[in-house]
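First up is the structure itself, then whatever we jot down about it.
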Amino acid sequence: MRCDFIEITKCRNLTSVRLRGCDWVTADFLLSLVRYNRNLRRLVLADCYQISDEAVESMFEFLTTLTDLSLEKTAITDKSLLAMIEHGVTAIEYLDLRYCHGITDYGLMLLRPLRSMKKLWILGCRSITERGLASFRERTDIDLPQRPICAIRPLSLQSNLIMGAMRVTECTCSHRAVAADLRACRSTDGQEYLGPEASC
19 MRCDFIEITK
29 CRNLTSVRLR
39 GCDWVTADFL
49 LSLVRYNRNL
59 RRLVLADCYQ
69 ISDEAVESMF
79 EFLTTLTDLS
89 LEKTAITDKS
99 LLAMIEHGVT
109 AIEYLDLRYC
119 HGITDYGLML
129 LRPLRSMKKL
139 WILGCRSITE
149 RGLASFRERT
159 DIDLPQRPIC
169 AIRPLSLQSN
179 LIMGAMRVTE
189 CTCSHRAVAA
199 DLRACRSTDG
209 QEYLGPEASC
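Quick look at the structure:
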């Protein structure tokens with residue numbers, strides 16, 4: 019149900035707000051919300067398609083105590099993560115960036131020093147490469163559920179092959195691969211098709 023803009027901006031003591039799928043949420047609305055609720059700890063903006071860097075950068079000027087933030091399927095880029103660091107939003111424990119195609123290896127590098135982070139979701143971030151993920155290998159305290167393997171051509175894997183929602187033009191399967199997830203793949207080359215009996 020759509021919240022009334024005037025009514026919600028009257029709130030002054032919110033600590034948790036979920037706006038998942040509210041495609042009417044704009045930068046102006048978000049700014050009005052956070053300006054008067056600076057103690058927000060949890061904010062879900064997943065599937066809010068109008069949310070971009072401009073909105074998020076302005077938001078971080080007011081929210082420095084966030085611990086749980088979901089930006090899944092928004093139009094943000096590395097600029098939003100840079101703004102988060104520059105504004106001292108360093109208490110983040112849970113950060114959901116799934117399917118944020120503007121997040122790259124540079125964005126991951128910016129997050130690496132955040133010692134409070136416990137879990138980071140980056141499935142479907144097709145601009146992140148294996149090289150970018152390598153920067154997190156030393157951070158055993160961070161849980162990276164469903165790590166993406168993307169933007170690598172040719173694609174060579176050592177443990178799991180995850181190709182859902184990605185465009186892969188070449189693939190070389192390591193002999194140590196244990197799974198190939200080809201859901202939502204629209205086409206395959208008949209000569210290289212991995213049939214149900216095939217294995218790496």
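In terms of my numbering, the sequence shown is residues 19 to 218. Even for Gly, the Cβ is constructed at its ideal location relative to N, Cα and C.
The beta strand (DSSP E) enclosing residue i, as first and last residue numbers
i	result
TYR124	Premise fails: TYR124 lies in the alpha helix (DSSP H), 123-129, not in any beta strand (DSSP E).
ARG16	Since the first residue of the chain shown is 19 and the last is 218, residue 16 is not available in this structure.
LEU61	60-62
LYS137	137-139
ASP161	Per DSSP, ASP161 belongs to no beta strand (DSSP E) and is neither H nor E.
Cβ neighbour criterion (16 or more within 10 Å) applied to residue i
i	result
LEU58	buried
THR33	exposed
PRO172	Because PRO172 sits at a pLDDT of 34, beneath the cut-off of 50, its placement in the model cannot be relied upon, and the point is left open.
THR187	Reliability fails at THR187, whose pLDDT of 44 lies under 50, so the model's placement of it is uncertain and the value that follows must be treated cautiously. That one is exposed.
LYS137	exposed
ARG38	exposed
CYS29	exposed
GLY106	exposed
ARG36	exposed
TRP139	buried
Where the alpha helix (DSSP H) containing residue i begins and where it ends
i	result
SER88	Note, SER88: premise wrong, no alpha helix (DSSP H); beta strand (DSSP E) at 86-88.
LEU151	148-152
ASP71	71-77
CB contact flag (residue i, residue j, <8 Å)
i	j	result
ALA45	ALA73	yes
SER70	ALA93	yes
ARG60	THR85	yes
LEU87	GLY125	no
SER134	ALA109	yes
PHE80	VAL62	no
Inter-residue CB distance, residue i and residue j (contact presumed, cutoff 8 Å)
i	j	result
GLY142	TYR117	4 Å
LEU128	ASP161	Between ASP161 and LEU128 the Cβ distance is about 19 Å, and since that is not below 8 Å, they are no contact.
ASP114	GLU90	5 Å
In DSSP terms, what residue i is bridged to
i	result
LEU51	Answer is none; LEU51 lacks a bridge partner.
GLY120	THR95
TYR67	Note: TYR67 sits in no beta bridge, so no partner.
ASP114	SER88, TRP139
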